[in-house]
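Written below as structure tokens is the structure these notes are about.
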Amino acid sequence: MKDSITALRALQKQLYAYRYAEALISYDEAAVAPPESEAGRAEASEVFARLSFDALVNPGTAALLAQAGQDAEDAQQAAEVRELRRAYDRICRIPAEEYAAFSKLVAQAMPAWGRAKRGNDFAAFAPYLEQIVAAKRRQAACIDPARDPYEVWLDQYEPGLTVARCDAFFAALRTAIVPLLAEIQKRGAPIRTDFITQDWPLAQQKELSRRAMALWGLDPAHTVLGESEHPFTDSLYSGDVRMTTHYHPTDATVSLYSVLHEGGHALYDAHVDPALDYTVLQGGASMSIHESQSRLFENCVGRSRAFVHCLWPTLKELFPAQLADVTEEEWYRAVNRAEPGPIRTEADELTYPLHIMVRYELEKALLHGELAVRDLPAAWNAKYQQTLGLTPPDDAHGVLQDMHWAGGDIGYFPSYALGSAYAAQAMDDIRKTLDVDACVARGDLAPLRAELEKRLWRYGCLKTPDELIGSLCGGAFDPQHYIGYLTRKYTALYAL
Ligand SMILES: [Zn+2]
24 MKDSITALRA LQKQLYAYRY AEALISYDEA AVAPPESEAG RAEASEVFAR
74 LSFDALVNPG TAALLAQAGQ DAEDAQQAAE VRELRRAYDR ICRIPAEEYA
124 AFSKLVAQAM PAWGRAKRGN DFAAFAPYLE QIVAAKRRQA ACIDPARDPY
174 EVWLDQYEPG LTVARCDAFF AALRTAIVPL LAEIQKRGAP IRTDFITQDW
224 PLAQQKELSR RAMALWGLDP AHTVLGESEH PFTDSLYSGD VRMTTHYHPT
274 DATVSLYSVL HEGGHALYDA HVDPALDYTV LQGGASMSIH ESQSRLFENC
324 VGRSRAFVHC LWPTLKELFP AQLADVTEEE WYRAVNRAEP GPIRTEADEL
374 TYPLHIMVRY ELEKALLHGE LAVRDLPAAW NAKYQQTLGL TPPDDAHGVL
424 QDMHWAGGDI GYFPSYALGS AYAAQAMDDI RKTLDVDACV ARGDLAPLRA
474 ELEKRLWRYG CLKTPDELIG SLCGGAFDPQ HYIGYLTRKY TALYAL
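Mapping to my numbering: the sequence shown position 121 is 144, numbers consecutive.
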């Protein structure tokens with residue numbers, strides 16, 4: 024191995040160690056630490072963030088990347104150079120003072136957003152969001168002055184993603200889903216839901232999590248499930264994957280579907296080729312590709328008739344009293360019901376992408392300078408009325424519900440909807456050669472896992488997101504697969 028490649032590996036291992044520490048700190052914060060412990064954590068986090076920044080952004084890195092780019096001898100080494108250069112180029116174009124000031128702004132905006140949400144007071148949060156939008160516009164101009172500022176941030180979460188592709192995707196969704204939802208509300212067959220809200224004992228819910236993770240094929244020697252307010256998954260490396268869930272004592276479906284969703288993220292992280300561990304290529308390739316795997320397992324598999332059939336004996340065994348007068352078909356229909364509501368994280372499979380569409384249109388308008396922050400609540404409510412047929416009761420259940428913008432994450436939301444669409448297309452393609460429903464119905468997910476490992480999981484960031492979307496989906500991305508999937512499923516469910 025050439026000297027430059029050896030040095031590049033050493034740099035990556037250093038960055039890995041800082042990332043490991045930061046990931047442990049945030050898992051600990053969410054799932055373990057006592058509530059009043061943020062002071063010490065903030066001190067430690069700041070040190071690791073600084074170490075990580077200094078390790079990457081220094082005069083030696085540019086020279087090292089140039090040399091390693093010439094010395095790379097195989098696809099993995101070339102990809103390591105490509106990914107490190109990408110990270111370096113973005114960070115080093117933003118002035119150091121701007122970078123530091125933005126971290127501080129976000130650190131202040133997050134608690135301000137929390138207070139504003141609790142107090143239903145958008146005006147108290149607006150000054151922070153105005154500064155965040157202005158900073159994102161300035162930084163986009165630093166990174167690529169010739170490019171649409173919103174697209175610069177889309178590209179951060181998914182390299183290669185464009186405004187044109189998102190516009191076409193959401194336009195196709197709107198045309199198909201808005202009339203379908205109206206039809207369901209007008210003449211859809213009613214769905215029984217009375218049994219969802221009742222007492223679901225915690226011990227049995229925890230056993231259900233354990234069995235669901237076993238069905239997914241998650242190895243308990245390398246995966247752990249904790250509890251946190253908002254479920255999430257993070258992996259330290261391919262051999263240490265951390266998931267969380269949140270148990271609701273009166274609704275067992277909330278945690279069940281969180282575990283199925285996070286389990287999809289965990290499977291992806293755990294099956295990346297271990298040869299990529301400790302390099303920048305470890306882990307998932309982009310936010311929307313990661314989300315494609317969680318939503319594939321949560322929805323395409325987890326909400327399918329075949330999976331409900333497979334899980335039903337377990338549900339009846341763990342919850343005999345709660346499900347005494349409930350049939351398998353009633354359970355299937357209840358966990359698939361479509362009901363427009365104001366809250367994104369509580370949305371069903373059909374209305375979910377409409378919540379994302381609203382956010383996409385608004386955040387794009389903010390970055391294009393076409394919408395002022397002070398006009399955001401009214402614009403939010405108007406779009407909800409127009410898209411989902413309802414107006415949120417207040418800003419806390421409207422424009423203030425999500426933390427993303429307060430955290431500086433503008434351009435992130437489309438990932439959620441794109442991920443669902445990649446999942447639907449991948450399933451269509453996989454079904455050409457594998458009877459997925461037959462495997463799932465008998466609880467054998469190994470053939471599906473093998474297919475996803477071959478198409479996507481093992482590559483980590485070795486290939487570009489565009490290449491991986493192609494191999495996952497079995498061809499160029501086409502949102503009609505997702506639209507077809509939703510239309511077939513909901514037309515049958517509501518007997519339209
Ligand atoms: Zn997710």
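Yeah, the Cβ is synthetic: ideal placement off N, Cα and C, and Gly gets one too.
For clarity, every value in this text was computed on a predicted model and none was experimentally measured.
Taking C-beta to C-beta, are Pro-376 and Ala-449 nearer than 9 Å? Counting from one through the sequence shown, the residue named residue 376 turns up at place 353. Counting from one through the sequence shown, the residue named residue 449 turns up at place 426. Contact flag unset, no.
Report, in whole angstroms, the separation of the C-beta atoms of Ala-44 and Phe-71, which I expect to be a contact under 8 Å. Position 21 of the sequence shown, counted from the start, is the residue given in the question as residue 44. Position 48 of the sequence shown, counted from the start, is the residue given in the question as residue 71. Rounded, the Cβ-Cβ distance is 5 Å, consistent with contact.
Applying the 10 Å Cβ sphere with the 16-neighbour rule, what's the burial state of His-378? Within the sequence shown, the letter at position 355 stands for residue 378. Buried: at least 16 other Cβ atoms inside 10 Å.
Output the boundary residues of the beta strand (DSSP E) element that contains Glu-250. Here residue 250 refers to the residue found at position 227 when the sequence shown is read from its first residue. Residues 246-250.
Rounded to the nearest angstrom, how far is the Cβ of Phe-218 from that of Leu-423, given a contact under 8 Å? Here the question's residue 218 lines up with position 195 in the sequence shown. Here the question's residue 423 lines up with position 400 in the sequence shown. For Phe-218 against Leu-423, the beta-carbon gap comes to about 32 Å, at or over 8 Å, which does not count as contact.
Within the present structure, is the beta-carbon of Glu-314 separated from the nearest heavy atom of ligand 1 by less than 8 Å? Your numbering for residue 314 matches position 291 in the sequence shown. Yes - ligand 1 has a heavy atom lying nearer than 8 Å to the Cβ of Glu-314.
Give the DSSP bridge partners of Ser-258, in chain order. Position 235 of the sequence shown, counted from the first residue, corresponds to residue 258. BP columns for Ser-258 point to Val-264.
Can you have a look at Lys-127 and say buried or exposed, based on whether 16 or more other CB atoms are within 10 angstroms of its CB? Indexing the sequence shown from 1 puts residue 127 at position 104. Exposed, by the Cβ-count rule.
Run the proximity test for His-284: is its beta-carbon closer than 8 Å to any non-hydrogen atom belonging to ligand 1? In the sequence shown, counting from the first residue as 1, residue 284 sits at position 261. True, at least one ligand heavy atom lies under 8 Å from that Cβ.
Residue of Ala-110, Gln-99, Thr-29 minimising C-alpha distance to Leu-79: By one-based count along the sequence shown, residue 79 stands at place 56. Proximity to Leu-79 across Ala-110, Gln-99, Thr-29 peaks at Ala-110, based on C-alpha coordinates.
Nearest residue (CA-CA) to Glu-252, options Ala-53, Ala-46, Leu-47: Within the sequence shown, numbered from 1, the residue matching residue 252 stands at position 229. Among Ala-53, Ala-46, Leu-47, the Cα nearest to that of Glu-252 belongs to Ala-53.
Tell me whether His-253 counts as near ligand 1, meaning its Cβ is closer than 8 Å to at least one heavy atom of that ligand. The count along the sequence shown starts at 1 and reaches residue 253 at position 230. Flag unset: Cβ of His-253 not near ligand 1.
Taking DSSP as the reference, what is the three-state secondary structure of Pro-416? Counted from its first residue, the sequence shown places residue 416 at position 393. Looking at Pro-416 - three-state DSSP - the assignment turns out to be coil, as it is neither helix nor strand.
Closer than 9 Å to chain C by CB, His-332: Given the protein chain composition of this structure (a single chain), no chain C is represented.
Just to confirm, does Ser-317 get its C-beta within under 8 Å of one of the non-hydrogen atoms of ligand 2? Among the ligands present in this structure, namely ligand 1, ligand 2 is not found.
Can you tell me whether DSSP reads Glu-393 as helix, strand or coil? Position 370 of the sequence shown, counting from 1, holds the residue named residue 393. Glu-393: coil per DSSP, three-state reduction.
Note down, in chain order, each residue of its chain lying with its Cβ closer than 7 Å to the Cβ of Val-324, except the 5 sequence neighbours on either side. Counting from one through the sequence shown, the residue named residue 324 turns up at place 301. For Val-324, where only same-chain residues beyond five positions count, the Cβ hits under 7 Å are Phe-330, Val-463.
Would you mind sorting Thr-29 into buried or exposed? The rule is 16 or more other CB atoms within 10 Å of its CB. Position 6 of the sequence shown, counted from the first residue, corresponds to residue 29. Flag for Thr-29 reads exposed.
Does DSSP put Asn-143 in a helix, in a strand, or in coil? As a working note, residue 143 is residue 120 in the sequence shown. Coil at Asn-143, not helix or strand.
Hey, which unbroken runs of the alpha helix (DSSP H) at 4 residues or more fall wholly within the region 144-193? 145-166, 172-180
Mind checking which residues open and close the alpha helix (DSSP H) that includes Gly-92? Here residue 92 refers to the residue found at position 69 of the sequence shown. Run containing Gly-92: 82-94, per the alpha helix (DSSP H) assignment.
When burial is assigned at 16 or more other CB atoms within 10 Å of the CB, is Glu-321 buried or exposed? In the sequence shown, residue 321 corresponds to position 298, counting from 1. Under this definition Glu-321 is a buried residue.
Can at least three beta-carbon pairs, one atom from the region 194-214 and one from the region 407-416, be found at a separation below 8 Å? yes
Reference His-269; option with closest CA among Gln-316, Leu-204, Thr-368: Walking along the sequence shown from the start, residue 269 turns up at place 246. Nearest C-alpha to His-269 among Gln-316, Leu-204, Thr-368: Thr-368.
Is the region 334-345 touching the region 298-305 in the sense that three or more CB pairs, one from each, lie closer than 8 Å? no
Is it buried or exposed, Asp-526, if we count other Cβ atoms within 10 angstroms and call 16 or more buried? Only positions 24 to 519 of the chain appear in the structure, and residue 526 is not among them; the question remains open.
If you count every other CB in all the chains shown that lies within 10 Å of the CB of Lys-477, and 16 or more means buried, which is it? Here residue 477 refers to the residue found at position 454 of the sequence shown. Burial call: exposed.
Short Cβ contact (9 Å threshold) for Phe-193 with Tyr-505: Taking the sequence shown and counting its residues from 1, the one referred to as residue 193 is at position 170. Taking the sequence shown and counting its residues from 1, the one referred to as residue 505 is at position 482. No, these two residues do not count as a Cβ contact at 9 Å.
Just to check my reading of the structure: Leu-238 and Leu-290 have Cβ atoms closer than 8 Å, yes? What is that Cβ distance to the nearest angstrom? Numbered from 1 along the sequence shown, position 215 holds the residue referred to as residue 238. Numbered from 1 along the sequence shown, position 267 holds the residue referred to as residue 290. In fact, because the Cβ distance is near 11 Å, the residues do not count as touching under 8 Å.
Heavy atom of ligand 1 less than 8 Å from the Cβ of Thr-246, yes or no? Looking up residue 246 in the sequence shown gives position 223. Outside the cutoff, so no.
Taking 8 Å as the cut-off, does the region 167-181 touch the region 385-398 (at least 3 CB pairs, one atom from each stretch)? The region 385-398 and the region 167-181 touch, with no fewer than 3 CB-CB distances between them shorter than 8 Å.
Kindly indicate which residue of Leu-491, Ala-163, Glu-250, Asp-51 has the alpha-carbon position closest to the one of Pro-4. Lying before the first or after the last residue shown, residue 4 is absent from the chain, which here runs from 24 to 519.
Inter-stretch contact at 8 Å, needing at least 3 Cβ pairs: the region 353-364 / the region 214-229: In this structure the region 353-364 touches the region 214-229; the number of beta carbon pairs closer than 8 Å is three or more.
Taking Asp-171 as the reference, which of Ser-494, Gly-434, Ala-91 has the closest Cα? As a first step, residue 171 is located in the sequence shown; it is residue number 148 there, counting from the start. Cα-wise, what sits closest to Asp-171 is Gly-434.
Quick check: what's the CA-CA separation for Ala-401 versus Ala-444? For this step, residue 401 is matched to residue 378 along the sequence shown. For this step, residue 444 is matched to residue 421 along the sequence shown. Between Ala-401 and Ala-444, the C-alpha separation is close to 29 Å.
Does the distance between the C-beta of Thr-268 and the nearest non-hydrogen atom of ligand 1 fall short of 8 Å? To locate residue 268, count along the sequence shown from 1; it is residue 245. Every heavy atom of ligand 1 is 8 Å or more from the Cβ of Thr-268, so no.
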